[in-house]
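Chemist:
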Amino acid sequence: MTNSAGSPKDITRRQMLRRIGLTALVAGPAGSMLSACATGGGGSDATPTAASSAAATSAANPFGVKADAALEVVIFKGGLGDSYATDVHEPLYKKEFPGATVKHVATQQIAQTLQPRFASGDVPDFIANSGSDLMDNGALQTEGQLLDLTALFEAPSIDDPSKKIKDTLIPGTVESGLIAGKPYILNYVSSGYGLWYNAKLFQEKGWAAPKTFDEFKTLCETIKKAGLTPYAYAGKNASYYQYWMILITAAKVEGNQVLLDIDNLADGAWTKDSVKQSAAAWAEIGKFMDKSYEGLIHTEVQTRQNQDKIAFYPSGSWLENEQKSNTPATFEYAVTPTPSLTSADKMPFEAIRSAAGEPYIIPAKAKNTAGALEYARIMLSKEGAKGFTEKSGSLTVVSGAAEGLSLSPGLKSVNDALTAAGANIVTYSSFENWYKELETELRKQTNSLMFGRISADEFCANMQKKADSVKADSSITKQNRTV
Amino acid sequence: MRHGDVGGAGRLASNKMRKYGFIFSFLVIPVVLYAIFVISPYAQAFYISLTNWRGISANPQFVGLENFTRLLSDDVFWAAVRHHALLLIAMPLITIAIALFFSFLLNLGGGSKGGRMSGVAGSKFYRVVYFFPQVLAVAVVGVLFQAIYRPDATGVLNGLLGIFHIGEVGWLINTNLALWSIMGVVIWQSVGFYVVLFSAGMSAIPSDVFEAAALDGAGRFRLFFSITLPLIWDTIQVGWVYLGIAAFDCFALVQVLSVDRGGPDNATTVLPLEIWRTAFTFSKFGYASAMGVALFFLTITFAALSLRVTRRERIEL
Numbered sequence: 001m002t003n004s005a006g007s008p009k010d011i012t013r014r015q016m017l018r019r020i021g022l023t024a025l026v027a028g029p030a031g032s033m034l035s036a037c038a039t040g041g042g043g044s045d046a047t048p049t050a051a052s053s054a055a056a057t058s059a060a061n062p063f064g065v066k067a068d069a070a071l072e073v074v075i076f077k078g079g080l081g082d083s084y085a086t087d088v089h090e091p092l093y094k095k096e097f098p099g100a101t102v103k104h105v106a107t108q109q110i111a112q113t114l115q116p117r118f119a120s121g122d123v124p125d126f127i128a129n130s131g132s133d134l135m136d137n138g139a140l141q142t143e144g145q146l147l148d149l150t151a152l153f154e155a156p157s158i159d160d161p162s163k164k165i166k167d168t169l170i171p172g173t174v175e176s177g178l179i180a181g182k183p184y185i186l187n188y189v190s191s192g193y194g195l196w197y198n199a200k201l202f203q204e205k206g207w208a209a210p211k212t213f214d215e216f217k218t219l220c221e222t223i224k225k226a227g228l229t230p231y232a233y234a235g236k237n238a239s240y241y242q243y244w245m246i247l248i249t250a251a252k253v254e255g256n257q258v259l260l261d262i263d264n265l266a267d268g269a270w271t272k273d274s275v276k277q278s279a280a281a282w283a284e285i286g287k288f289m290d291k292s293y294e295g296l297i298h299t300e301v302q303t304r305q306n307q308d309k310i311a312f313y314p315s316g317s318w319l320e321n322e323q324k325s326n327t328p329a330t331f332e333y334a335v336t337p338t339p340s341l342t343s344a345d346k347m348p349f350e351a352i353r354s355a356a357g358e359p360y361i362i363p364a365k366a367k368n369t370a371g372a373l374e375y376a377r378i379m380l381s382k383e384g385a386k387g388f389t390e391k392s393g394s395l396t397v398v399s400g401a402a403e404g405l406s407l408s409p410g411l412k413s414v415n416d417a418l419t420a421a422g423a424n425i426v427t428y429s430s431f432e433n434w435y436k437e438l439e440t441e442l443r444k445q446t447n448s449l450m451f452g453r454i455s456a457d458e459f460c461a462n463m464q465k466k467a468d469s470v471k472a473d474s475s476i477t478k479q480n481r482t483v
Numbered sequence: 484m485r486h487g488d489v490g491g492a493g494r495l496a497s498n499k500m501r502k503y504g505f506i507f508s509f510l511v512i513p514v515v516l517y518a519i520f521v522i523s524p525y526a527q528a529f530y531i532s533l534t535n536w537r538g539i540s541a542n543p544q545f546v547g548l549e550n551f552t553r554l555l556s557d558d559v560f561w562a563a564v565r566h567h568a569l570l571l572i573a574m575p576l577i578t579i580a581i582a583l584f585f586s587f588l589l590n591l592g593g594g595s596k597g598g599r600m601s602g603v604a605g606s607k608f609y610r611v612v613y614f615f616p617q618v619l620a621v622a623v624v625g626v627l628f629q630a631i632y633r634p635d636a637t638g639v640l641n642g643l644l645g646i647f648h649i650g651e652v653g654w655l656i657n658t659n660l661a662l663w664s665i666m667g668v669v670i671w672q673s674v675g676f677y678v679v680l681f682s683a684g685m686s687a688i689p690s691d692v693f694e695a696a697a698l699d700g701a702g703r704f705r706l707f708f709s710i711t712l713p714l715i716w717d718t719i720q721v722g723w724v725y726l727g728i729a730a731f732d733c734f735a736l737v738q739v740l741s742v743d744r745g746g747p748d749n750a751t752t753v754l755p756l757e758i759w760r761t762a763f764t765f766s767k768f769g770y771a772s773a774m775g776v777a778l779f780f781l782t783i784t785f786a787a788l789s790l791r792v793t794r795r796e797r798i799e800l
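The listed protein sequences correspond, in order, to chains C and V.
Just so we're aligned, residue 1 is where the first sequence starts under this note's numbering, counting upward by one.
Just so we're aligned, residue 484 is where the second sequence starts under this note's numbering, counting upward by one.
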């Protein structure tokens, strides 16, 4: 009788332990977690729910935003900061829809933050897809993850309901966001690109911005004798600033067609004479750089320019704002277009690269797509754009939104250069977003060219080889542009 | 009759059940966790490597071995593999050599005092100092060495060279030097750990062995090569495998230190970096997984080979 199963105490302890084990087995999340693998989850059932959450449309509410629907906005917090969203656009949205909650997410790593959310189907409503870790918009579009923004550009403007939004923007804005012929990207910031210098220093030394490459080289000699590095860019993380200059010069020689050909992966686009001449001319300028700049990052080089150790630095309109805290009173930013290469150049010296940049996207599977479209419409109003320029120090694609604002010297210089350029605008490059592999290769080859490891011919041949391999890669969806 | 005799067989079975059920209930949690967090991602990576998944949709297309055939003609992939080969040979050799030297000095370098082997003067202090780099997070080390290796005169090393009027060295921008510079950081960081590991091995050697050798007139060199080294061979072997596996990583340091992440001209790129770039920048998760599978087999092959090659007769004490 008593010897059956040891002491009662013993039984209890064993049973306890067994129960703990079994509970863990049954209640453990094993089953559901195993099935939630990277490729198995979400997606198919996450059809757009925007329709169900929509309210009636009206002139004031063209997308039919439901007044109390929550909106999640993800902002890349980089050179532009994120106060333009928290202090301007989000309050404007809340003013329009007081019942809505706006969730603000600021990140510097868009892809790491959002890629898993796209894979699982739980996406935010509005995204500033920027920074060095942005997501591949072409890949997103191919997978049906992006909302077609045609409705946005066709909607009435907030400032003047008789005008469509697309007619209130700088020409080329909508086109810059086309993928497969439809606008999926809102490029919001208008940037001018060129060579930046210290206007005060140049005035004091009696130097003038060069109009041709011959003048440029002569000036570089003079500057070198004065003890400054004539030209520099940051090879460690910003070689794309330099490849923009190479592309601009190629476009000035041949016209924008060469940039379209490069974007369209046309056969032999990189081995064209215009590209070769441009690469060779810039490689000559590269000889004026100090070798060490290949190992520095952009802020290090930009700070050295602020200390008047470097004369020219290639960059875009955001530079002045980025360096605001480092710029001494003796430094006044000014921009000049890249010099002309030959007397037969198709574009004049004044031609400048101006592009709508900083892509904003709306996920097709967002819960509140109507709210996101309205948020974009607010951004594209004069009030939204003006607030953006004030907070971020950058011009927007909204025509005339900077009127009445007192611009900083650098921004004014960009504005003047754009006015002088008129219709002579060097176009943007879409391959930077479409084909990241090609872009990565171009960074690599640009450093090799500018720091003297390869010749201009090798540069062109290497780039052509990569372009051909991207073209032959069946897993990469090909894009096309005509303007 | 006692009722125990009635169901003898049944009770035996239930005893067995009880015994194994008990063990099973303990094992099930770690096994399930291991299956979820280790086995299942591996299995998925093998599957994804056979698709052209771009990381976004839930419906990857099966493409067979296409990703692997593409690997064969991928220059960057082979550059990374070559760098791993170099790291695999040089890094463990240098690290172990330095660590052995230091731990010998710390433990036995002072010679015999009163029948006990002791380290050089101040060895307790050095033991702590050597371990410092190991305590620092790899990101901190990366940022630290950015300043140390900075290519102009404001860099720490170049500043020191400047005192002796030696020109600036492009530690990370010279294509022939960049990988060695990064390897130097890895070695600097790991030596401390192996000094501790080897010290533990050396202190486990009975002192009468050294005494006997000393009586027979063995000097420090002889002590090291004929006594110490064979007796801590097992420890060195473990260190070698650890370092070899570390040589297949180096992601963080290359990412933080190198020009344009893996440059200049692919001079410093490593497989984990290329996997990361292919997946998160190029959005080619299928191809990145194929690289991951290749890396998996490289690592396994190395571990198996090195354990086999370094196998020696064990010396029983």
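All C-beta atoms, glycine included, are put in the ideal place defined by N, C-alpha and C.
Just so you know, these numbers come straight off a predicted model, no measurement behind them.
1. In chain C, which residues lie with their C-beta within 9 Å of the C-beta of V:L548?
2. Which residues does DSSP pair with C:E503 in a beta bridge?
3. With 9 Å as the threshold, decide whether the Cβ of V:I649 is near any Cβ in chain C.
4. Using Cβ-Cβ distances below 8 Å, what residues of the segment 627-641 of chain V are close to chain C?
5. Can you give me the start and stop residues for the beta strand (DSSP E) that V:T805 sits inside?
6. Applying a beta-carbon distance threshold of less than 7 Å, which residues of chain V neighbour C:A111?
7. Under the rule that 16 or more other beta-carbon atoms within 10 Å means buried, what is C:W565, buried or exposed?
8. Just the C-alpha distance for C:L395 and C:D133, rounded to the nearest angstrom, thanks.
9. Excluding five sequence neighbours on each side, which residues of the same chain lie with their C-beta closer than 8 Å to the C-beta of C:G81?
10. DSSP three-state label for V:S508, please.
11. Taking only beta-carbon atoms, is C:G192 less than 9 Å away from chain V?
12. Could you tell me how far apart the beta carbons of C:Y193 and C:R353 are, in whole angstroms, since I believe they sit closer than 8 Å?
13. When you compare only the Cα positions, how much space is there between C:K94 and C:G371?
14. From C:G452 to C:G286, what distance separates their C-alpha atoms?
15. Apart from the five residues on each side of it in sequence, which residues of its chain come closer than 8 Å, Cβ to Cβ, to V:V621?
16. C:M33 CB to nearest chain V CB: under 9 Å?
17. Buried or exposed: where does V:W654 fall if 16 or more other Cβ atoms within 10 Å of its Cβ makes it buried?
18. What is the rounded straight-line gap between the Cα of V:E549 and the Cα of C:G177?
19. For the segment 435-450 of chain C, enumerate the residues whose C-beta is nearer than 8 Å to any C-beta of chain V, in chain order.
20. Grab the span of the alpha helix (DSSP H) containing C:T389 for me, first residue to last.
21. Between C:P409 and the ligand SAH, is there a pair consisting of the residue's CB and a ligand heavy atom that are separated by less than 8 Å?
22. Got a sec? Which residues, its chain only, sit under 7 Å from C:A24 by beta carbon, not counting five neighbours each side?
23. Does the Cβ of V:D558 have 16 or more other Cβ atoms within 10 Å, making it buried, or fewer, making it exposed?
24. Could you tell me whether any Cβ in chain B is nearer than 9 Å to the Cβ of V:K767?
25. Which partner residues of C:T303 appear in the DSSP bridge assignment?
26. Output needed in chain order: residues of the segment 84-117 of chain C with a Cβ under 8 Å from some Cβ in chain V.
27. How about C:M289 and C:Y233: do their beta carbons lie closer than 9 Å?
28. Using a Cβ-Cβ cut-off of less than 9 Å, give me the residues of the segment 136-148 of chain C that come near chain V, in sequence order.
29. Can you tell me the Cβ-Cβ gap for C:K346 and C:G255, rounded? I've got them flagged as a contact below 8 Å.
30. Got a sec, what are the start and stop residues for the beta strand (DSSP E) C:A355 sits in?
31. So which of C:G422, C:V335, C:A356 has the shortest CA-CA distance to C:S413?
32. Applying the 10 Å Cβ sphere with the 16-neighbour rule, what's the burial state of C:T2?
33. Let's test the definition: count the other Cβ atoms within 10 Å of the Cβ of V:M500 and tell me whether it reaches 16, buried, or not, exposed.
34. How about C:C37: is its C-beta nearer than 9 Å to some C-beta of chain V?
35. Is any beta-carbon of chain V found at less than 9 Å from that of C:A119?
36. Taking its Cβ as the centre, do 16 or more other Cβ atoms sit within 10 Å of C:Q145, making it buried, or is it exposed?
Modeler: In terms of the structure at hand:
1. None at all; the shortest Cβ gap to chain C is about 14 Å.
2. Coverage of chain C is limited to positions 1 through 483, which leaves residue 503 of chain C absent and any answer about it impossible.
3. no
4. Y632, R633, P634, D635
5. Summary: the structure shown does not reach residue 805 of chain V, with chain V confined to residues 484 through 800, and so no result is reported for it.
6. F763
7. Residue 565 of chain C cannot be examined here, being either before or after the span of chain C that is shown, 1 to 483.
8. Their backbone Cα atoms lie some 23 Å apart in a straight line.
9. K391, S392
10. helix
11. no
12. 4 Å
13. 11 Å
14. 8 Å
15. Excluding five sequence positions before and after V:V621, the CB atoms of its chain that fall closer than 8 Å to its own CB belong to Q672, A735, L736, given in chain order.
16. With a pLDDT of only 39 at C:M33, under 50, the local geometry of the prediction cannot be trusted, and the value read off the model is given with reservation. Yes, C:M33 counts as interfacial toward chain V.
17. buried
18. 32 Å
19. Listed by position, the residues of the segment 435-450 of chain C near chain V (Cβ gap below 8 Å) are K436, E437, T440, R443, K444, N447, S448.
20. 382-392
21. With respect to the ligand SAH, the structure shown offers nothing to examine, as it has no ligands at all.
22. Unreliable placement is indicated for C:A24, whose pLDDT of 40 sits below 50; the coordinate value is still reported in the next sentence. Excluding five sequence positions before and after C:A24, none of the CB atoms of its chain fall closer than 7 Å to its own CB.
23. exposed
24. Although the question refers to chain B, the structure presented lacks it and instead comprises the protein chains C and V.
25. Bridge partners of C:T303: none, in fact.
26. A111, Q112, Q115
27. Taking 9 Å as the cut-off, the Cβ atoms of C:M289 and C:Y233 count as close.
28. D136, G138, A139, L140, T142, E143, G144, Q145
29. 4 Å
30. 352-361
31. C:V335
32. In this prediction, C:T2 scores a pLDDT of 37, lower than 50, which makes its location untrustworthy; the coordinate-derived value is nonetheless stated afterwards. Burial call: exposed.
33. exposed
34. The pLDDT assigned to C:C37 is 46, lower than 50, so where the model puts this residue is not dependable; a value taken from the coordinates is nonetheless given after this. So yes, C:C37 belongs to the interface.
35. yes
36. buried
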